[in-house]
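Numbering (full-length UniProt numbering), first residue to last: 1 to 541.
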């Protein structure tokens, strides 16, 4: 369900360290290259001077010159998650048991004061992209939040100074802050130029990475942040990228004491923290949860930017590599507590909500299961089974969806089919995806509700010998998912990372949102900003 980016062709995929052949990300040989530029990266711009502290207004260029071309763009929902990433939490647990201290204490992470070496708390990378513009506006709001005792030092980053400047000017006009442009730094960098990414990372405490598809453009940013002691948050909804980054960088990030936290937008903070919220509100032991996502559209209808569609096409076309990655991880299954959660049919009727539903093909399943593994292995909490669904309405909607799904699954199997899917998103999605993205009226009229149905055991009742006797229903409600909820979730995750370091995992690493923020006040922060967590009902049967 992640939605990012406005399409712009790029000539070459970004360079980066090659993973093992068995788990190497898919590099399509057919069709248009992954979208970039105006989507979440930056448009191609002229050569820039790369100074000692980068190219922000407060640091005139003095050093080496660097010329770079196009970077990345777009991101979106991936294939259905269901496995676990590799590496793993067990090594972290061994490190903690040996009493090894966290490098974070030396200042690699958790900084809340700007310094000459790191002048910015936050850097929004890909700020001129479709979603990046909304993230930029949200950071600007947070900068002057009544809760803050001082201004938040931050910057925007990308390939084109002119486009970044225009984004700041539009945000200033929209927020009624004429001086905003002069308050925000500008850094020129590109995913195809590792040196420029290093310079960006060295100036930031936390990088907010809005450049996708992440399977093509995400790893260089992660690598630069880890090597330069900078934390990074992204809004990826691609299970293969998320799990691969854990497999490759978890140990390195732990050694540096930095936090790499993926899927911190609509995918998958509502789902991941929603399960944790349900567990915390249940008077007993939660053993299984099903979530049902409902998207509400206004009179202008619903539209999603086609970068989400592109990521889905590439994700479904590359499912074999995701399976290879999970097989290579060789991770033991999490213990099953209580009866096994039954899997629903591909199209099923939810009596509680009086609507039909289908499995949710985003990253929620993968992310929540990885979180539950962490909570069980590191924090020794009882793991929760999880399944994710999305409601589709009545029988007419089901029929339309079946036709769209059959077309998609047929064409995505072939190279020429994927080219057609990428070229004509509006046609193959029956109008739900477009290269222009939603209008402001469509955004204003949209919202979401995610309903969680949980079951478990009352205190003192053993799951080994009894049936579940407690049921609970909770909800997460919020504004439009892709361009309102996602920026709020991403920025509040970053603020939590900055100000609640004592409540984060003791060592750094690559984490899911639930693993990183389960003991923080992130849910409270989201509640205060319109993403509401609530208990609908709870009963003992």
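For glycine and all other residues, C-beta sits at the position ideal for the given N, C-alpha and C.
Worksheet item: Which residue's Cα is closest to the Cα of residue 377: 333, 366, 144 and 341?
Response: Mapped onto the chain shown, residue 377 falls at position 377. Considering only alpha carbons, the answer is 333.
Worksheet entry | Within the region 172 to 250, ranges of the alpha helix (DSSP H) (whole runs, at least 4 residues) | 180 to 183, 194 to 202, 214 to 217 and 219 to 227
Worksheet item: In chain order, what residues of the same chain have a beta carbon less than 8 angstroms from the beta carbon of residue 371, not counting five sequence neighbours either side?
Response: For the purposes of this step, residue 371 is taken as the residue at position 371 of the chain shown. Excluding residues within five positions, the ones whose Cβ falls inside 8 angstroms are 272, 275, 276, 512, 513, 514, 515 and 518.
Worksheet item: Apart from the five residues just before and just after residue 23, which ones in its own chain have a Cβ nearer than 8 angstroms to its Cβ?
Response: As a position in the chain shown, residue 23 is number 23, starting the count at 1. Note that residue 23 has pLDDT 43, beneath the 50 cutoff, so the model's placement of it is unreliable and no number is given.
Worksheet entry | Alpha carbon of residue 457 to alpha carbon of residue 341, nearest angstrom | On the chain shown, position 457 is the one that residue 457 refers to. On the chain shown, position 341 is the one that residue 341 refers to. In a straight line, the C-alpha of residue 457 is about 14 angstroms away from that of residue 341.
Worksheet item: What residue range is occupied by the uninterrupted alpha helix (DSSP H) comprising residue 416?
Response: Position 416 of the chain shown, counted from the first residue, corresponds to residue 416. Start and end: 415 to 423.
Worksheet entry | Secondary structure of residue 430, DSSP reduced to three states | By 1-based counting over the chain shown, the position of residue 430 is 430. Three-state DSSP puts residue 430 in coil, outside helix and strand.
Discussion item. If we require 3 or more residues per run, which beta strand (DSSP E) segments fall completely within the region 272 to 316?
Written reply: 284 to 296
Worksheet item: Can you tell me whether residue 228 is buried or exposed, with buried defined as 16 or more other CB within 10 angstroms of its CB?
Response: Numbered from 1 along the chain shown, position 228 holds the residue referred to as residue 228. Buried.
Discussion item. Are the CB atoms of residue 306 and residue 433 within a distance shorter than 8 angstroms?
Written reply: On the chain shown, position 433 is the one that residue 433 refers to. On the chain shown, position 306 is the one that residue 306 refers to. Going by C-beta atoms, residue 433 is nearer than 8 angstroms to residue 306.
Discussion item. Could you tell me the alpha carbon to alpha carbon distance between residue 388 and residue 473, rounded to whole angstroms?
Written reply: Residue numbering aside, residue 388 sits at position 388 when the chain shown is read from its first letter. Residue numbering aside, residue 473 sits at position 473 when the chain shown is read from its first letter. The alpha-carbon atoms of residue 388 and residue 473 are separated by roughly 15 angstroms.
Worksheet item: Helix, strand or coil: which one does DSSP assign to residue 381?
Response: Start at 1 with the first residue of the chain shown, and residue 381 comes out as number 381. Three-state result, residue 381: coil.
Worksheet item: Which partner residues does residue 265 have in the DSSP bridge list?
Response: Within the chain shown, residue 265 is the residue found at index 265, counting from 1. Residue 265 pairs with 268.
Fill in: N- and C-terminal bounds of the alpha helix (DSSP H) containing residue 401
Walking along the chain shown from the start, residue 401 turns up at place 401. Per DSSP, residue 401 belongs to the alpha helix (DSSP H) from 395 to 411.
Discussion item. Here's the rule: buried if 16 or more other CB atoms are within 10 angstroms of the residue's CB, otherwise exposed. What is residue 14?
Written reply: Your numbering for residue 14 matches position 14 in the chain shown. Because residue 14 sits at a pLDDT of 44, beneath the cut-off of 50, its placement in the model cannot be relied upon, and the following sentence gives the value as read from the coordinates. Residue 14 should be labelled buried.
Discussion item. Between 418, 148, 188 and 131, which has its C-alpha nearest residue 525's C-alpha?
Written reply: The residue you call residue 525 lines up with position 525 of the chain shown. Closest option to residue 525, Cα to Cα, is 148.
Discussion item. Beta-carbon within less than 7 angstroms of residue 527's beta-carbon, same chain only, minus the 5 sequence neighbours each way: which residues are those?
Written reply: Here the question's residue 527 lines up with position 527 in the chain shown. Excluding positions up to five away in sequence, the list reads 533.
Worksheet item: To the nearest angstrom, how far is it from the Cα of residue 154 to the Cα of residue 368?
Response: For the purposes of this step, residue 154 is taken as residue 154 along the chain shown, with counting starting at 1. For the purposes of this step, residue 368 is taken as residue 368 along the chain shown, with counting starting at 1. Going by the C-alpha atoms only, they are around 31 angstroms apart.
Item to complete: Inspect the CB distances between the region 288 to 297 and the region 409 to 422 and report whether three or more fall short of 8 angstroms.
Response: no
Worksheet item: Under 8 angstroms, do residue 482 and residue 530 count as touching if we go by C-beta distance?
Response: Residue 482 sits at position 482 when you count from the first residue of the chain shown. Residue 530 sits at position 530 when you count from the first residue of the chain shown. Result no, Cβ atoms of residue 482 and residue 530 do not sit closer than 8 angstroms.
Worksheet item: Can you give the beta carbon distance from residue 181 to residue 497, rounded, assuming they're within the 8 angstroms contact cut?
Response: Counted from its first residue, the chain shown places residue 181 at position 181. Counted from its first residue, the chain shown places residue 497 at position 497. About 26 angstroms; that fails the 8 angstroms criterion.
Worksheet item: How many whole angstroms separate the CB atoms of residue 522 and residue 494, which I take to be in contact at a CB cut-off of 8 angstroms?
Response: For this step, residue 522 is matched to residue 522 along the chain shown. For this step, residue 494 is matched to residue 494 along the chain shown. Rounded, the Cβ-Cβ distance is 10 angstroms, inconsistent with contact.
Discussion item. My assumption, with CB atoms under 8 angstroms, is that residue 508 sits in contact with residue 218. Please give the rounded CB distance.
Written reply: As a working mapping, residue 508 is identified with position 508 in the chain shown. As a working mapping, residue 218 is identified with position 218 in the chain shown. About 18 angstroms separates the two Cβ atoms, so there is no contact after all.
Worksheet entry | residue 214 to residue 312 span [Cα, whole Å] | Mapped onto the chain shown, residue 214 falls at position 214. Mapped onto the chain shown, residue 312 falls at position 312. Taking the straight line from one Cα to the other gives about 12 angstroms.
Worksheet item: Buried or exposed: which applies to residue 351, given that a residue is buried once 16 or more other Cβ atoms fall within 10 Å of its Cβ?
Response: Here residue 351 refers to the residue found at position 351 when the chain shown is read from its first residue. By the 10 Å Cβ count, residue 351 comes out exposed.
Item to complete: Tell me whether the beta-carbon of residue 392 lies closer than 8 angstroms to the beta-carbon of residue 360.
Response: Mapped onto the chain shown, residue 392 falls at position 392. Mapped onto the chain shown, residue 360 falls at position 360. No, they are not a contact pair.
Worksheet item: residue 587 and residue 131 look like a contact to me (Cβ under 8 angstroms); what is the Cβ gap, rounded to whole Å?
Response: Outside the shown range of the chain, which is 1 to 541, sits residue 587, and nothing can be said about it.
Item to complete: Between the Cα of residue 490 and those of 395, 292, 234 and 452, spot the shortest distance and give me the residue it belongs to.
Response: Position 490 of the chain shown, counted from the first residue, corresponds to residue 490. Taking only the C-alpha atoms, the option nearest residue 490 is 234.
Worksheet item: Hey, how far is the Cα of residue 58 from the Cα of residue 118?
Response: Position 58 of the chain shown, counted from the start, is the residue given in the question as residue 58. Position 118 of the chain shown, counted from the start, is the residue given in the question as residue 118. Interpretation of residue 58 is limited by its pLDDT of 38, a score under 50 that renders its predicted location unreliable; no figure is taken from the coordinates.
Worksheet item: Could one say the Cβ of residue 245 lies closer than 8 angstroms to chain D's Cβ atoms, at least one of them?
Response: Within the model displayed, chain D is absent; a lone protein chain is all it includes.
Worksheet item: Straight-line CA distance for residue 538 to residue 223?
Response: Working through the chain shown from its first residue, we reach residue 538 at position 538. Working through the chain shown from its first residue, we reach residue 223 at position 223. Straight-line Cα distance between these residues: approximately 45 angstroms.
Discussion item. Could you pull the DSSP bridge partners for residue 532 from this structure?
Written reply: By one-based count along the chain shown, residue 532 stands at place 532. DSSP output for residue 532 lists 477 as bridge partner(s).
Discussion item. Rounding to the nearest angstrom, what Cα-Cα distance links residue 375 and residue 299 in this structure?
Written reply: Counting from 1 along the chain shown, the entry for residue 375 is found at position 375. Counting from 1 along the chain shown, the entry for residue 299 is found at position 299. When the Cα atoms are used, residue 375 and residue 299 turn out to be separated by approximately 42 angstroms.
Discussion item. To test your reading of the DSSP string, which unbroken beta strand (DSSP E) runs of 3 or more residues are found completely within the region 435 to 477?
Written reply: 447 to 458
Worksheet item: Taking just the CA atoms, how far does residue 293 sit from residue 453?
Response: Residue mapping note: residue 453 aligns to position 453 of the chain shown, counting from 1. Residue mapping note: residue 293 aligns to position 293 of the chain shown, counting from 1. If I take the Cα positions, the gap works out to 12 angstroms.
Item to complete: Return the chain-ordered list of same chain residues with a C-beta closer than 8 angstroms to the C-beta of residue 175, the five sequence neighbours on each side being excluded.
Response: Residue mapping note: residue 175 aligns to position 175 of the chain shown, counting from 1. Counting only Cβ-Cβ distances below 8 angstroms, and skipping sequence neighbours, we find 137, 140 and 141.
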